[in-house]
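To start, the structure under review is shown below, and the notes come after it.
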Amino acid sequence: MTAKRSPGRQVLLQGNEAVVEGALAAGCLFFAGYPITPATEISEVMSYRLPAVDGTFIQMEDEIASLGAVIGASLAGVKSMTATSGPGFSLMQENLGFACVAEVPCVVVNVMRGGPSTGLPTNVSQGDVMQSRWGTHGDHPIIVLAASTTQDCFSLTLRAFNLSEKYRTPVILLLDEVVAHTREKIYLPHPDEIEVIDRIRPNMPPDWYIPYEDNSRGVPPMSPFGEGYRYHVTGLVHDVRGFPTQRSEEIVGFMNRLFRKINQNFFDIQQIGEEMIEDAELVVMAYGSVSRSARRAVREARERGIKAGLVQLISLWPFPRQAVEPILRQVRAVLVPELNMGQMSREIKRVNQGQTRIETLNRIDGSLIGPNEILTRLLRM
Amino acid sequence: MQRYEIRLSGSGGQGLIFAGIVLAEAAGIHDGKFVCQTQSYGPESRGGASKAEVVISDEEIDYPKSVKPDLLLAMNQKSCDSYFFDLKPRGILVVDSTFVRQLPTTRATSIPFTLLAREKLGKEIGANIIALGAIAVLSGVVSLKSLEAALTNRVPKGSEDFNRKALKIGIEAARDAMKQKAGIEEYEDSSDQ
Numbered sequence: 063m064t065a066k067r068s069p070g071r072q073v074l075l076q077g078n079e080a081v082v083e084g085a086l087a088a089g090c091l092f093f094a095g096y097p098i099t100p101a102t103e104i105s106e107v108m109s110y111r112l113p114a115v116d117g118t119f120i121q122m123e124d125e126i127a128s129l130g131a132v133i134g135a136s137l138a139g140v141k142s143m144t145a146t147s148g149p150g151f152s153l154m155q156e157n158l159g160f161a162c163v164a165e166v167p168c169v170v171v172n173v174m175r176g177g178p179s180t181g182l183p184t185n186v187s188q189g190d191v192m193q194s195r196w197g198t199h200g201d202h203p204i205i206v207l208a209a210s211t212t213q214d215c216f217s218l219t220l221r222a223f224n225l226s227e228k229y230r231t232p233v234i235l236l237l238d239e240v241v242a243h244t245r246e247k248i249y250l251p252h253p254d255e256i257e258v259i260d261r262i263r264p265n266m267p268p269d270w271y272i273p274y275e276d277n278s279r280g281v282p283p284m285s286p287f288g289e290g291y292r293y294h295v296t297g298l299v300h301d302v303r304g305f306p307t308q309r310s311e312e313i314v315g316f317m318n319r320l321f322r323k324i325n326q327n328f329f330d331i332q333q334i335g336e337e338m339i340e341d342a343e344l345v346v347m348a349y350g351s352v353s354r355s356a357r358r359a360v361r362e363a364r365e366r367g368i369k370a371g372l373v374q375l376i377s378l379w380p381f382p383r384q385a386v387e388p389i390l391r392q393v394r395a396v397l398v399p400e401l402n403m404g405q406m407s408r409e410i411k412r413v414n415q416g417q418t419r420i421e422t423l424n425r426i427d428g429s430l431i432g433p434n435e436i437l438t439r440l441l442r443m
Numbered sequence: 030m031q032r033y034e035i036r037l038s039g040s041g042g043q044g045l046i047f048a049g050i051v052l053a054e055a056a057g058i059h060d061g062k063f064v065c066q067t068q069s070y071g072p073e074s075r076g077g078a079s080k081a082e083v084v085i086s087d088e089e090i091d092y093p094k095s096v097k098p099d100l101l102l103a104m105n106q107k108s109c110d111s112y113f114f115d116l117k118p119r120g121i122l123v124v125d126s127t128f129v130r131q132l133p134t135t136r137a138t139s140i141p142f143t144l145l146a147r148e149k150l151g152k153e154i155g156a157n158i159i160a161l162g163a164i165a166v167l168s169g170v171v172s173l174k175s176l177e178a179a180l181t182n183r184v185p186k187g188s189e190d191f192n193r194k195a196l197k198i199g200i201e202a203a204r205d206a207m208k209q210k211a212g213i214e215e216y217e218d219s220s221d222q
């Protein structure tokens, strides 16, 4: 099943619109959601783009049902996604856990706005970084990516689909209000220029299929529901046939496999962007819209003779520690600007183990941190 | 051309974000520059403060919002008061004199966009497009041909002529304002001697 694709071209798109293009390029043919500022444009554009390629768009009664419908569609073999913002993302947490345990590939876009609760609907924030990691209950691995430009919105949505299909896991894509609403000229590649990964299907006869049997990848093959390969789907911890179990070795085997399929592919998932890191003494570590402010601040600092560099965190979870650790050891100090009270800086400090000085720059008033604020701090470091 | 920053400000419902999109598309897609268009607005659909920004550059754009605008369009008094001090030294201030009565500088370009729309187009909703035409002339940052192409591409079918006319009114108003200004400056220069 592939979506109809348009040829490579330059277009002026909003971040939210670029998410739709990325999803369609990945072959997404199902979207269920409930509109919410600042993610509404994703639903809006999907509502007419999907029917045009014989896909399905459903506006659900709420966000709980939205992710439920997405999980169902994905089990039926269709690449599926939903998009929301803070309050809706909170409602999705239960089904997010279900998708983790039932190993259902799907993409959840969360456009971060000021919170908690209804918060600041039209303002930018990065307050959901920890929620995206630990929002659903219980031990679970998860993949979370953060986009910072409109081009990112396209390529990371595509990547989110690829990772979710490859590892049979929900993937969360974090945008923020600025990223979602910034219009930029971007390049939409021709389908021949991009890599699309589809889930591996069983190649044995249906009677031989053991739906959750371990293999070297830790990712069991998956068949669209109703095509003869019988399996049980449950949120309960289950055995290799999908039925609930309380046997210690089966529980441990299942949980370990869930973690292993992400952990052993850490280097495939980990992604950061670097700028002027080679000789850097001061490094700014940022993600989302703030990394654009940081990029400008770092360039201006260089013009003033300060050896500054930028690390843009793209995969937030699992935290890209293998890429970040050597940089932490190389530099004199690190500045972590973010639009919350210090969520990613907490993780960076944990990885740093007290070796390098880490400073934070937090803004929670619903406005983007500007380049000057970062530059001023760099000058004092 | 290095970074050129434009801020369009006023109240929600004046069509400033739409004007920003057209400007960005003209400069980005038709003129081939790098562009970023951002916006901020309140939760209300009409009446709250509204702001659209367009950054145009020959190089890749890092920070997408304006740091110090080169040109500020103020479509009401409140936005003029709030944003004037962000303007770059020698930056261009353009105001809708229908609503902006108190000018913070003598160097401002005053054009009654809304009044022009009311009188020459018969309705106020073309004011943003008139302003867009004026900005293009005053900044010189986008070609008029590209602007018209981007505009007619974005507006609903059947309203192309209305919008083309609005654009033309703005272009002419800005040219008149520039001539007038040149006259005043000439007079000031001569009176210095």
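Going down the list, the protein sequences come from chains A and B.
So for the first sequence, the numbering used here puts the first residue at 63; every next one is plus one.
So for the second sequence, the numbering used here puts the first residue at 30; every next one is plus one.
Backbone N, C-alpha and C fix where the C-beta goes; we use that ideal spot for every residue, glycine too.
Near residue i, what residues of its chain come up, given a Cβ to Cβ distance below 7 Å and the 5 sequence neighbours on each side ignored?
i      : result
A:E387 : V413
A:A363 : A370, L437 and L440
A:G181 : G148 and R175
A:Q72  : K247 and Y249
A:G255 : According to the sequence displayed, residue 255 of chain A carries Glu and not Gly. Once the five neighbours on either side are set aside, the close Cβ partners of A:E255 are G70.
B:Q106 : F128, V129, R130 and Q131
A:M63  : For A:M63, the predicted model reports a pLDDT of 42, less than 50, meaning its position is unreliable; a value from the coordinates is still stated below. Same-chain partners within the cutoff: G89, L91 and V140.
A:E123 : none
A:F160 : I133 and G297
Return the chain-ordered list of same chain residues with a C-beta closer than 6 Å to the C-beta of residue i, the five sequence neighbours on each side being excluded.
i      : result
B:A137 : L122 and V124
A:G456 : Lying before the first or after the last residue shown, residue 456 of chain A is absent from chain A, which here runs from 63 to 443.
A:G197 : Q155
B:R147 : E153
A:C215 : G77, A80, V81 and A209
B:E34  : V84, S95, P98 and D99
A:A101 : A145, T146, S147 and V173
A:L372 : E337, V346, A356, R357 and V360
Should residue i go down as buried or exposed, given a rule of 16 or more other Cβ atoms within 10 Å for buried?
i      : result
A:Y249 : exposed
B:G155 : buried
A:L401 : buried
A:A65  : Because A:A65 carries a pLDDT of 49, less than 50, the predicted location of this residue cannot be relied on, and no value is offered for it.
A:M403 : exposed
A:V82  : buried
A:H252 : exposed
A:M266 : exposed
B:N192 : buried
A:D341 : exposed
A:A114 : exposed
B:Y112 : buried
A:N325 : exposed
A:H199 : exposed
Once you ignore the five residues that flank residue i on each side, which residues in its own chain have a CB closer than 8 Å to its CB?
i      : result
B:A160 : L37, A48, L102, M104, V123, D125, I140, F142 and G199
A:R230 : E165, V166, P167, R261, V281, P282, M284 and K323
A:R391 : Q417 and T418
Note down, in chain order, every chain A residue with its Cβ under 8 Å from the Cβ of residue i.
i     : result
B:I35 : Residues of chain A passing the Cβ test: none, with the nearest at roughly 13 Å.
Note down, in chain order, every chain B residue with its Cβ under 7 Å from the Cβ of residue i.
i      : result
A:Q213 : Going along chain B, no residue has its Cβ under 7 Å from A:Q213, so there is no contact; the nearest lies around 10 Å.
A:Q72  : I58
A:P433 : Y92 and V96
Run down chain A in chain order and give the residues with a C-beta less than 9 Å from the C-beta of residue i.
i     : result
B:G71 : T184
B:R43 : Checking the sequence, you will find Gln at residue 43 of chain B rather than Arg. Going along chain A, no residue has its Cβ under 9 Å from B:Q43, so there is no contact; the nearest lies around 17 Å.
B:Q68 : H243, T244 and R245
Please compile the residues from chain B whose C-beta is within a distance smaller than 8 Å of the C-beta of residue i.
i      : result
A:L430 : K94
In chain E, what lies closer than 7 Å to residue i by C-beta?
i     : result
B:I50 : No chain E appears in the structure shown, which is made up of the protein chains A and B.
Check whether the region 257–276 of chain A and the region 118–132 of chain A are in contact - that is, three or more C-beta pairs closer than 8 Å. Two segments are said to touch when three or more pairs of C-beta atoms, one from each, lie closer than 8 Å; by this definition the region 257–276 of chain A does not touch the region 118–132 of chain A.
Of the residues that make up the region 242–259 of chain A, which ones have a beta carbon closer than 9 Å to any beta carbon in chain B? Those would be H243, T244, R245, E246 and K247, in chain order.
Do the region 205–218 of chain B and the region 69–87 of chain B touch if we need at least three Cβ pairs shorter than 8 Å? These segments do not touch.
Cβ contact (3+ pairs, closer than 8 Å) linking the region 328–337 of chain A and the region 295–311 of chain A: The answer is no - the region 295–311 of chain A does not touch the region 328–337 of chain A, with fewer than three Cβ pairs under 8 Å.
Taking Cβ-Cβ distances below 7 Å as the criterion, which residues of the region 87–105 of chain B are in contact with chain A? Correct list: D91, Y92, P93, K94 and V96.
Listed from N- to C-terminal order along the chain, which residues in the region 352–380 of chain A have their beta-carbon within a distance smaller than 8 Å of any beta-carbon of chain B? Against chain B - using a Cβ distance shorter than 8 Å - the residues of the region 352–380 of chain A are R354, S355, R357, R358 and R361.
Using a Cβ-Cβ cut-off of less than 7 Å, give me the residues of the region 52–66 of chain B that come near chain A, in sequence order. Residues A53, E54, G57, I58, F63, V64, C65 and Q66.
The region 162–191 of chain A: positions lying closer than 7 Å to chain B by Cβ: Answer set for the region 162–191 of chain A: P183 and T184.
Mind checking the region 218–235 of chain A against chain B and listing, in chain order, the residues whose C-beta falls within less than 7 Å of any C-beta there? Listed by position along the chain: nothing, the set is empty.
With contact counted as at least three CB pairs below 8 Å, one residue from each stretch, are the region 115–122 of chain A and the region 79–94 of chain A in contact? Yes: the two stretches touch, three or more of their Cβ pairs being nearer than 8 Å.
Do the region 165–173 of chain A and the region 223–243 of chain A touch if we need at least three Cβ pairs shorter than 8 Å? As far as the Cβ criterion goes, the region 165–173 of chain A touches the region 223–243 of chain A, which means the pair count is three or higher.
Contact between the region 39–59 of chain B and the region 406–421 of chain A is defined here as three or more beta-carbon pairs at a separation below 8 Å; is this criterion met? When C-beta atoms of the region 39–59 of chain B are compared with those of the region 406–421 of chain A, fewer than three pairs fall below 8 Å, so the two segments do not count as touching.
Contact the region 392–401 of chain A vs the region 342–349 of chain A: 3+ CB pairs below 8 Å: The answer is yes - the region 342–349 of chain A touches the region 392–401 of chain A, with three or more Cβ pairs under 8 Å.
Quick one, which residues of the region 122–142 of chain B are near chain A if we go by CB-CB under 8 Å, in chain order? Legend: CB atoms of the region 122–142 of chain B lying less than 8 Å from CB atoms of chain A are not found in any residue.
Kindly confirm or deny that the region 164–183 of chain B and the region 54–62 of chain B touch, where touching means at least three C-beta pairs closer than 8 Å. The answer is yes - the region 54–62 of chain B touches the region 164–183 of chain B, with three or more Cβ pairs under 8 Å.
Between the region 197–211 of chain A and the region 57–64 of chain B, do three or more beta carbon pairs fall short of 8 Å? Of all C-beta pairs linking the region 197–211 of chain A to the region 57–64 of chain B, fewer than three are shorter than 8 Å, placing the two stretches out of contact.
Members of the region 396–420 of chain A near chain B, C-beta cut-off 9 Å: So the list is empty, because no residue satisfies the distance condition.
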